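Q: Handing you a structure now.
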Amino acid sequence: MTGKQKDEERRERKQQRLDAGPMSDRYPQVASIVVAMDHYKKGSGISYMHRTVNFFPGSAAYFLMECMEDKCIDGGYDLDSIIYTMVRGHQESADGELACAGNDCSGHRRVGYKIAIEYS
């Protein structure tokens, strides 16, 4: 991926984040969401990075986490449907694993995630 392509992807994601609106509009009953992720390289069982992302009522309701592979195009980890299902069922926690669905990336990554939701 060229620098120009990566910049364009970042602009698109920034616009998507703005278009998503605040979490308080989409999930008014949610006080906070904490997403903890361990990033793994393809074929590896060793986490090379831990990342925690906090969402509050004023945060954008945008739950596509970026792939950390520089060469990845249109990749990432979409937690939107997982969070939607959790809120709908009033679940407080969930965990699982997702693989990056991006293109043109020889070393695709995966994440193990834990999501904690606090309700108002």
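Just so it is clear: in the sequence shown, position 38 is 679 by our numbering, and no numbers are missing. All C-beta atoms in this analysis are idealised placements derived from N, C-alpha and C, irrespective of residue type, glycine included. Since this is a predicted model, take the numbers as computed values, not measurements.
1) Exposed or buried, which one is K672 when buried takes at least 16 other CB atoms within 10 Å?
2) Taking the Cβ atom as the reference point for each residue, do D679 and G743 lie within a distance shorter than 8 Å?
3) Give a yes or no on whether the minimum CB-CB distance between Q732 and chain C is below 8 Å.
4) CB-CB under 8 Å to Q670, same chain, minus the five flanking residues each way: which ones, in chain order?
5) Could you check the C-alpha separation between I758 and G684 for me, to the nearest Å?
6) By the three-class DSSP mapping on this structure, what secondary structure does A742 have?
7) From C713 to D736, what does the alpha carbon distance come to, in whole angstroms?
8) Which residue comes first and which comes last in the beta strand (DSSP E) that contains I674?
9) Nearest to T726 by CA position, among Y668, E653, D648 and R654, is which residue?
10) What residue range does the beta strand (DSSP E) around S688 cover?
11) At which residues does the beta strand (DSSP E) containing I714 begin and terminate?
12) CA-CA distance, K682 and P698?
A: The structure says:
1) Counting from 1 along the sequence shown, the entry for residue 672 is found at position 31. Looking at the sequence shown, residue 672 is not Lys but Ala. Exposed is the call here.
2) Locating residue 679 in the sequence shown gives position 38, counting from the first residue. Locating residue 743 in the sequence shown gives position 102, counting from the first residue. For D679 and G743, no; Cβs fall outside 8 Å.
3) In the structure shown, chain C does not exist; there is a single protein chain.
4) Indexing the sequence shown from 1 puts residue 670 at position 29. Closer than 8 Å at Cβ, skipping near neighbours: V728, Y760 and S761.
5) Locating residue 758 in the sequence shown gives position 117, counting from the first residue. Locating residue 684 in the sequence shown gives position 43, counting from the first residue. The alpha-carbon atoms of I758 and G684 are separated by roughly 30 Å.
6) The residue given as residue 742 occupies position 101 in the sequence shown. If DSSP states are grouped into helix, strand and coil, A742 belongs with coil.
7) Residue mapping note: residue 713 aligns to position 72 of the sequence shown, counting from 1. Residue mapping note: residue 736 aligns to position 95 of the sequence shown, counting from 1. Rounded to the nearest angstrom, the two C-alpha atoms are 24 Å apart.
8) Against the sequence shown, residue 674 aligns to sequence position 33. Element bounds for I674: V671 to K682.
9) One-based indexing of the sequence shown puts residue 726 at position 85. Measuring from the Cα of T726, the nearest candidate turns out to be Y668.
10) Reading the sequence shown from its first residue, position 47 is the one you call residue 688. Where S688 is concerned, the enclosing beta strand (DSSP E) stretches over S688 to F696.
11) As a working mapping, residue 714 is identified with position 73 in the sequence shown. For I714, no beta strand (DSSP E) run applies, since DSSP gives it neither H nor E.
12) In the sequence shown, residue 682 corresponds to position 41, counting from 1. In the sequence shown, residue 698 corresponds to position 57, counting from 1. Between K682 and P698, the C-alpha separation is close to 33 Å.
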